[in-house]
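The sequence shown begins at 1 in our numbering and counts up by one.
Just so you know, even glycine gets a beta-carbon here, dropped at the ideal spot from N, CA and C.
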Amino acid sequence: MNLLAFETSTENCSTAVLRSDGEVFSINEVAPQKHAELILPMADQVMRMAGIEKGDLDGIVYGKGPGSFTGVRIAASSAHGYAQALGLKCAGVSSLEALAMQALYETDESCAVASIDARMGEVYVAVYEKTGRYPKALLEPCVLKPSAAVQAVSESLGAHGAYAGGTGTELLYVAGLNRNIVKRSQFPDGEFIVKLGAVLFEEGKVLDASEALPLYVRNEVTWKKIPQQHASEHHV
């Protein structure tokens, strides 16, 4: 199965291809405010790296957030456009899931604290346990003040050790997160988005193009269909 992935929920703009032989190709560029102009050329580039064309794709994966309001819209709309044009299904992977798997990559640890700076004095945070091929949420994605997030993380982990990933980690450290929970990843990477997406495809957990929407965790803003969304920068 050939899968193309988009991830734009943070400052990092990333695309990746999982080729049918299992090899993964990815491109990352930290380029705030430039995701919209970079993402499609990067998709073309990563497909050239993988030696495939659009017609060879079997599905589209996207990082659904949480993260930058504008950023998650770009990944979702890119996935929607590709899937609709090519008649393909989509799979949405949480950016926090990807951060957790990156933090746990090539370690013996089973738990990870994933967090993204949500601005306005808050963090998006989740805790995952690596069970099988897809992480299990011990703390579902939520947006909290750092102090409340540290408490929620502590309650979720219990006596388990963990690694950390994401731009919210420093805020959690300042708020009291155990610094033995070492940070091992900064931004969600398309490589892990596409790998997790492949599991969703294999399990039949796929979406129609019209269902490619971001993961929304802030209650005070109502999510609208992509054509109705305002272009200003917020976080969701």
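Cβ-based burial, ALA159 [other Cβ within 10 Å; buried from 16]: Counting Cβ neighbours within 10 Å, ALA159 comes out exposed, since fewer than 16 surround it.
Please confirm whether ALA114 has its beta-carbon closer than 9 Å to some beta-carbon of chain C. The chain labelled as chain C is not found in the depicted structure, where only one protein chain is given.
If we ignore side chains and look at the alpha-carbon of each, how far apart do ILE39 and ALA175 end up? Taking the straight line joining both Cα atoms gives about 35 Å.
Cβ neighbours of ALA43 in the same chain (closer than 8 Å, five flanking residues each side left out): The residues LEU4, PHE6, THR15, SER78 and TYR82, in chain order, have a CB closer than 8 Å to that of ALA43 in the same chain once the five nearest residues on each side in sequence are set aside.
For SER68, the nearest candidate out of LEU99, SER95, GLN84 and VAL206 (CA to CA): With distances taken between Cα atoms, SER68 lies closest to SER95.
Based on DSSP bridge pairs, tell me the residues matched to ALA91. Partner(s): VAL61.
If we call anything under 9 Å between Cβ atoms a contact, is THR167 one with PHE192? For THR167 and PHE192, no; Cβs fall outside 9 Å.
For MET120, count neighbouring C-beta atoms within 10 Å of its own C-beta (all shown protein chains included) and say buried if the count is 16 or more, exposed if not. Result: exposed.
Just mark ALA198 as buried or exposed, buried being the case when its beta carbon has 16 or more other beta carbons within 10 Å. Around the Cβ of ALA198, a 10 Å sphere holds 16 or more other Cβ atoms; the residue is buried.
How far does the alpha helix (DSSP H) with PRO271 in it reach, from first residue to last? Absent from the model: residue 271. The displayed extent of the chain is 1 to 236, so no value can be given.
Note down the Cα distance separating VAL237 from LEU215, rounded to an integer number of angstroms. Shown here, the chain extends from 1 to 236; a query on residue 237 therefore has no answer.
Determine the DSSP secondary structure at GLU233, reduced to helix, strand or coil. Note on GLU233: pLDDT 41, under 50, position unreliable in the model; the coordinate value appears next. Collapsing the DSSP output to three states places GLU233 in coil.
From the DSSP output, which residues share a beta bridge with GLU29? Under DSSP, GLU29 forms a beta bridge with CYS13.
Hey, CYS111 and GLU129: beta-carbon distance below 9 Å or not? Going by C-beta atoms, CYS111 is nearer than 9 Å to GLU129.
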